[in-house]
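Engineer: Residue numbering for the sequence shown is -19 to 271, as defined by my numbering.
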Amino acid sequence: MRNSYTSRLAKALLASTLVLTAGCTGAALTEPGSSPSPAPPAQTPANGSTGEGSKPADPGTKPSTPANEQPPSAGGAVTPPANSGGGGAIQVIAKPAEIAVLVNKTNKLPENYKPQDLVDPDVPFVFKEKLEKRKMRKEAASALEKLFQGAKDAGLPLAGVSAYRSHATQTALYNNYVKKHGEEEANKFSAKPGQSEHETGLAIDVAGANGKCPAQDCFGATPEAKWLAEHAHEYGFIVRYLKGKESITGYQYEPWHLRYVGVELAKDITKQGVTLEEYISKGVPVSKPKS
Ligand SMILES: [Zn+2]
């Protein structure tokens, strides 16, 4: 159903945003091993007011619970595990506020979900404005500040490109793409509303502080990307969309898209070299970190 409010909103949002890339609207689904990027249409991950009704997120969430104490619950209690690639039925995530929540093309956030603890991380962004896309959930924001400090100490200062995106923003963005490119094409580079990790407040696209290659494939060749691949887990983040795992994640390699899952989980996932989908479908970590 076409929603004229949404499309007006889309226009307003797109008109007011910086030109970055569409990367991580959820990026393109490419065949495994295919070469990088048919660059998605140059529009920006929009931002703006939410205006969406929201109900309180599960207040019982305990973000700091070490993942290894409750491996089966990783994934936000989606009933059938993982396996995103596409095709299957789409599950609505039962516990969207869980830090380890799995959001992808087969596991979507509830329509009215909005994270309740969004804050502005104290890190530089590639833009100056105070926009929605600066926001992250509290725990992730605090971890991000430490990660940025770590990168800076290594001589590789970073800048944020785009973090939180409301359901309304993702809806507007997606509808706009569909209008312009048709649904089939839009699905290759944009996440449908409810299926973008950016809506969780736990994901962020980053770039080097010099602002080069923001959410673009060329970022992968930078020392910043290398540092992130080697160190992000120490701060509780994973590089969410890995090279060669496109058929599992449903997205092309995105060296700039970081997802906060907590330190224990991030370390374990990175050590195993797996995607969140694979990790969660195993149910129990292969090797438990010492606690
Ligand atoms: Zn992203």
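Glycine included, every Cβ here is placed at the ideal spot set by N, Cα and C.
Between E165, H211, D197 and A171, which has its C-alpha nearest T229's C-alpha?
Structural biologist: Stepping through the sequence shown from its first residue, residue 229 is reached at position 249. Selected option, being the one with the closest Cα: A171.
Engineer: Look at the Cβ atom of H178, then the Cβ atom of S142, and state whether they are nearer than 8 angstroms.
Structural biologist: The residue labelled residue 178 in the question sits at position 198 within the sequence shown. The residue labelled residue 142 in the question sits at position 162 within the sequence shown. Yes, Cβ-Cβ distance for H178 and S142 is below 8 angstroms.
Engineer: Given T255, which residues of its chain have a CB within under 7 angstroms of its CB, disregarding the five upstream and five downstream residues?
Structural biologist: To locate residue 255, count along the sequence shown from 1; it is residue 275. Closer than 7 angstroms at the Cβ level, and outside the excluded window around T255, lie L222, K225, I228 and T229.
Engineer: Keeping to the same chain, check which residues put their C-beta closer than 6 angstroms to that of A57; ignore five residues upstream and five downstream.
Structural biologist: By 1-based counting over the sequence shown, the position of residue 57 is 77. Caution is warranted here: a pLDDT of 44 is assigned to A57, below 50, making its placement in the model unreliable, and the coordinate value is therefore given only provisionally. Here the set comprises A74 and K75.
Engineer: For the structure I just gave you, are there three or more beta carbon pairs, one from the segment 90 to 110 and one from the segment 201 to 219, closer than 8 angstroms?
Structural biologist: The segment 90 to 110 is not in contact with the segment 201 to 219.
Engineer: At a cut-off of 7 angstroms, would you count E179 as near ligand 1, judging by its Cβ distance to the nearest heavy atom?
Structural biologist: Numbered from 1 along the sequence shown, position 199 holds the residue referred to as residue 179. No, Cβ of E179 sits at least 7 angstroms from all heavy atoms of ligand 1.
Engineer: DSSP state of E258, grouped into three classes?
Structural biologist: Stepping through the sequence shown from its first residue, residue 258 is reached at position 278. Looking at E258 - three-state DSSP - the assignment turns out to be helix.
Engineer: Please confirm whether G140 and P104 have their CB atoms less than 8 angstroms apart.
Structural biologist: In the sequence shown, the residue the question calls residue 140 occupies position 160. In the sequence shown, the residue the question calls residue 104 occupies position 124. Yes. Within cutoff.
Engineer: Looking at the structure shown, is A62 part of a helix, part of a strand, or coil, going by DSSP?
Structural biologist: Sequence index remark: in the sequence shown, residue 62 carries index 82 (1-based). Residue placement at A62 cannot be trusted, given a pLDDT of 41 that sits under 50; what the coordinates show is reported in the next sentence. A62: coil per DSSP, three-state reduction.
Engineer: Let me confirm a value: E309 is counted as buried when at least 16 other C-beta atoms fall within 10 Å, else exposed. Which label applies?
Structural biologist: As shown, the chain starts at -19 and ends at 271. That puts residue 309 outside it, with no answer to give.
Engineer: For the alpha helix (DSSP H) that I228 lies in, which residues bound it at each end?
Structural biologist: Along the sequence shown, read from residue 1 onward, the residue named residue 228 stands at position 248. Element bounds for I228: E226 to T229.
Engineer: Can you tell me whether G174 is buried or exposed, with buried defined as 16 or more other CB within 10 angstroms of its CB?
Structural biologist: On the sequence shown, residue 174 is found 194 positions in, with the first residue counted as 1. Buried: at least 16 other Cβ atoms inside 10 Å.
Engineer: What I want to know is whether the C-beta of A183 ends up closer than 7 angstroms to one or more non-hydrogen atoms of ligand 1.
Structural biologist: Walking along the sequence shown from the start, residue 183 turns up at place 203. At least one heavy atom of ligand 1 is nearer than 7 angstroms to the Cβ of A183, so yes.
Engineer: Who does R117 pair with in a DSSP beta bridge?
Structural biologist: Numbered from 1 along the sequence shown, position 137 holds the residue referred to as residue 117. Paired residue(s): L98.
Engineer: Using only the heavy atoms of ligand 1, determine whether one of them is closer than 7 angstroms to the beta carbon of E112.
Structural biologist: In the sequence shown, the residue the question calls residue 112 occupies position 132. Result no, Cβ not under 7 angstroms from ligand 1.
Engineer: Are the beta-carbon atoms of K118 and Y144 separated by less than 8 angstroms?
Structural biologist: To locate residue 118, count along the sequence shown from 1; it is residue 138. To locate residue 144, count along the sequence shown from 1; it is residue 164. Not in contact: K118 and Y144 (Cβ atoms no closer than 8 angstroms).
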